[in-house]
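Chemist: Residue numbers (our numbering): 2 to 336. In this text, a Cβ means the ideal position worked out from N, Cα and C, and glycines have one as well.
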Amino acid sequence: MSELQTELLEWYFANARVLPWRDREAGTRDPYRTWLSETLLQQTQISRGSVYYTAFLEVFPTVQDLADAPLEAVLKLWEGAGYYARARNLHAAARVIAQHGFPTTLEGWRALPGVGRYTAGAVLSLSRNAPLPVVDGNVRRVLARLLVEPDPTETWLWVQAEQLIDSSQPGAWNEAMIELGATVCMPRKPRCASCPINSHCAAFHAARVDQIPAPKPRVAVKQIHAVALLITDGARVYLEQRALTGLLGGLHGVPLEVVASTRDDALAALLERYGLAATGEWVGKVAHTMTHRQFQLEVYHLTSSTALPLESPQHVALSKLDAKVLALSKLEALF
DNA sequence: CAAGCGTGGCT
DNA sequence: TAGCCAAGCTT
């Protein structure tokens with residue numbers, strides 16, 4: 002073991018945070034729980050992910066429980082967590098695992114929907130001590146600084162992670178790299194003075210830590226104007242299931258029509274699609290921001306006199322966007 | 001391979 | 001406060 006490896010591992014064993022999925026020593030954990038936590042934590046902060054993790058295990062304590070459940074129940078538990086393809090993929094993969102057992106190889110894990118190189122390496126190293134590297138946002142930052150690489154490519158990152166991994170305890174090593182990036186080698190105001198491997202860090206020596214890695218160019222947020230339909234009978238509301246692929250896939254929501262030319266055109270198109278004669282009453286606006294989209298919705302209300310099936314919104318999975326629209330309905334006991 | 005995919009915490 | 005960012009994956 003190199004000096005760097007010894008020092009980082011010692012630091013990790015002394016400073017690792019207590020987190021719900023760290024119930025056993027890294028390298029010996031339950032693959033189901035490890036996979037679930039890694040999936041939930043994708044692009045999601047610990048404070049939020051851990052709430053969903055605990056609730057999820059409560060309802061689906063084993064992969065068999067998850068496989069046996071209807072997709073609808075899985076999405077309901079995922080409600081509000083975002084990136085809903087994760088929930089659909091998790092459910093589909095659970096059904097494969099229930100049939101064939103947990104994969105034991107990198108390729109086996111990666112063949113499952115929603116499992117990429119990071120998650121496959123994380124699950125196998127953290128649950129089985131497989132000597133596989135991981136590169137997430139934390140590891141990327143640590144490697145970029147350690148080796149002064151302001152704009153690292155994916156290929157470079159995985160090669161470095163592979164060369165640096167401590168093959169005697171890969172699980173602990175991977176978790177240590179992630180932990181360092183999350184608690185010491187942070188994006189802004191890194192705590193270099195208390196970093197266990199600062200003597201090995203080229204960016205620290207060159208006083209360039211604050212420039213590395215270089216910020217990624219951001220895609221402009223797209224403005225989207227749309228019209229939404231709130232069709233209610235006083236207690237229930239018309240909700241349709243969105244397409245599985247694309248925005249808010251698989252979740253239920255109110256009918257939406259993006260404004261291509263004018264708002265009146267969009268509203269007319271919506272009404273025609275559902276065979277509605279009435280024009281509806283304007284009830285308000287909803288603004289909703291996502292990472293890359295800014296929605297402006299004009300919401301129209303109709304009292305149902307149609308054959309459209311109404312349902313109670315508390316029984317289906319909704320996005321925050323639809324929750325805001327439903328809040329305009331002023332109906333009691335919707336949630 | 002760049003774009004699409006949610007939501008909330010933090011500064 | 002408006003933007004940046006968070007244990008990525010898919011197409």
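Is R294 closer than 8 Å to V222 when the C-beta atoms are compared?
Modeler: For this step, residue 222 is matched to residue 221 along the first sequence. For this step, residue 294 is matched to residue 293 along the first sequence. Yes, they are a contact pair.
Chemist: Going by C-alpha to C-alpha distance, which of P32, V185, N16 and G250 sits closest to A94?
Modeler: Translated into the one-based positions of the first sequence, residue 94 becomes position 93. Cα-wise, what sits closest to A94 is P32.
Chemist: Per DSSP, which one or two residues make a beta bridge with Y84?
Modeler: Taking the first sequence and counting its residues from 1, the one referred to as residue 84 is at position 83. Its beta-bridge partners do not exist; DSSP assigns none.
Chemist: I think Y1 touches W22, with their Cβ atoms under 8 Å apart; what is that distance to the nearest whole Å?
Modeler: This structure leaves residue 1 out entirely; the chain is present only between 2 and 336.
Chemist: With respect to the beta strand (DSSP E) encompassing H226, which residues constitute its N-terminal and C-terminal limits?
Modeler: For this step, residue 226 is matched to residue 225 along the first sequence. Looking at the DSSP string, the run of the beta strand (DSSP E) that includes H226 is K223 to T233.
Chemist: Could you pull out every residue in the same chain whose Cβ sits closer than 6 Å to the Cβ of A267, ignoring the five residues on either side in sequence?
Modeler: Numbered from its first residue, the first sequence carries residue 267 at position 266. Answer for A267: V228, E258 and V260, listed in chain order.
Chemist: Using only CA atoms, which one of N90, D211, G251 and E80 lies nearest to V338?
Modeler: Any question about residue 338 goes unanswered here, given that the chain covers just 2 to 336.
Chemist: Please classify S313 as buried or exposed, where buried requires at least 16 other C-beta atoms within 10 Å of its C-beta.
Modeler: For the purposes of this step, residue 313 is taken as the residue at position 312 of the first sequence. Label assigned to S313: exposed.
Chemist: May I ask you to list the residues that DSSP assigns as paired with S304?
Modeler: Taking the first residue of the first sequence as 1, we reach residue 304 at position 303. Note that residue 304 is Thr in the sequence shown here, rather than Ser. In DSSP, T304 forms a bridge with T233.
Chemist: Just grab the DSSP bridge partners of W174 for me.
Modeler: One-based indexing of the first sequence puts residue 174 at position 173. In the DSSP output, where bridge partners are listed per residue, W174 has none listed.
Chemist: As an exercise, report each continuous beta strand (DSSP E) stretch of at least 3 residues that is fully enclosed by the stretch 261-326, in chain order.
Modeler: Fully enclosed beta strand (DSSP E) runs of 3 or longer: 282-290 and 294-304.
Chemist: Mind checking which residues open and close the beta strand (DSSP E) that includes L58?
Modeler: On the first sequence, residue 58 is found 57 positions in, with the first residue counted as 1. It is not in any beta strand (DSSP E) - L58 instead sits in the alpha helix (DSSP H) that spans I47 to V60.
Chemist: If you drop the 5 nearest sequence neighbours on each side, which residues of the same chain put their C-beta closer than 7 Å to that of Q167?
Modeler: Stepping through the first sequence from its first residue, residue 167 is reached at position 166. Per the sequence shown, the amino acid found at residue 167 is Asp instead of Gln. Excluding residues within five positions, the ones whose Cβ falls inside 7 Å are M2, Q6, L10 and W174.
Chemist: DSSP three-state call for V19: helix, strand or coil?
Modeler: The count along the first sequence starts at 1 and reaches residue 19 at position 18. V19 falls in the coil class under three-state DSSP.
Chemist: CB-CB under 6 Å to R111, same chain, minus the five flanking residues each way: which ones, in chain order?
Modeler: By 1-based counting over the first sequence, the position of residue 111 is 110. A121.
Chemist: Quick one, are the C-beta atoms of T35 and A145 less than 8 Å apart?
Modeler: Along the first sequence, read from residue 1 onward, the residue named residue 35 stands at position 34. Along the first sequence, read from residue 1 onward, the residue named residue 145 stands at position 144. Cβ distance not < 8 Å, so T35 and A145 don't count as in contact.
Chemist: Taking R189 as the reference, which of C202, G172, S200 and R209 has the closest Cα?
Modeler: Numbered from 1 along the first sequence, position 188 holds the residue referred to as residue 189. The shortest C-alpha separation from R189 is found at R209.
Chemist: Return the first residue and the last residue of the beta strand (DSSP E) that V75 is part of.
Modeler: Your numbering for residue 75 matches position 74 in the first sequence. Segment L72 to W79 is the alpha helix (DSSP H) holding V75; no beta strand (DSSP E) there.
Chemist: Here's a check: name, in chain order, each residue in its chain whose Cβ is nearer than 6 Å to the Cβ of L303, leaving out the five neighbours to either side.
Modeler: Counted from its first residue, the first sequence places residue 303 at position 302. If we look at L303 and ignore the five residues flanking it on each side, its Cβ neighbours are I232, A279 and G281.
Chemist: Report yes if the CB atom of L127 is closer than 8 Å to the CB atom of A27, and no otherwise.
Modeler: Numbered from 1 along the first sequence, position 126 holds the residue referred to as residue 127. Numbered from 1 along the first sequence, position 26 holds the residue referred to as residue 27. Contact: yes.
Chemist: On the premise that G251 lies in contact with L113, defined as a C-beta separation below 8 Å, what is that separation, rounded to the nearest angstrom?
Modeler: Within the first sequence, numbered from 1, the residue matching residue 113 stands at position 112. Within the first sequence, numbered from 1, the residue matching residue 251 stands at position 250. Contact doesn't hold; Cβ gap of about 18 Å is too wide.
Chemist: Less than 8 Å between the C-beta atoms of G182 and N139, yes or no?
Modeler: The residue you call residue 182 lines up with position 181 of the first sequence. The residue you call residue 139 lines up with position 138 of the first sequence. In contact: G182 and N139 (Cβ atoms closer than 8 Å).
Chemist: In the structure shown, what three-state DSSP assignment does S133 receive?
Modeler: Within the first sequence, residue 133 is the residue found at index 132, counting from 1. Here the sequence assigns Leu to residue 133, which means Ser is not the residue at that position. In this structure, L133 counts as coil in the three-state DSSP scheme.
Chemist: Please determine, among Y239, L245 and M291, the residue with the shortest C-alpha to C-alpha distance to Y275.
Modeler: Translated into positions along the first sequence, residue 275 becomes position 274. Among Y239, L245 and M291, the Cα nearest to that of Y275 is on Y239.
Chemist: If we ignore side chains and look at the alpha-carbon of each, how far apart do L245 and L319 end up?
Modeler: The residue given as residue 245 occupies position 244 in the first sequence. The residue given as residue 319 occupies position 318 in the first sequence. The alpha-carbon atoms of L245 and L319 are separated by roughly 14 Å.
Chemist: If you follow the beta strand (DSSP E) that E258 is in, where does it begin and where does it stop?
Modeler: Taking the first sequence and counting its residues from 1, the one referred to as residue 258 is at position 257. From DSSP, the beta strand (DSSP E) with E258 extends over L257 to V259.
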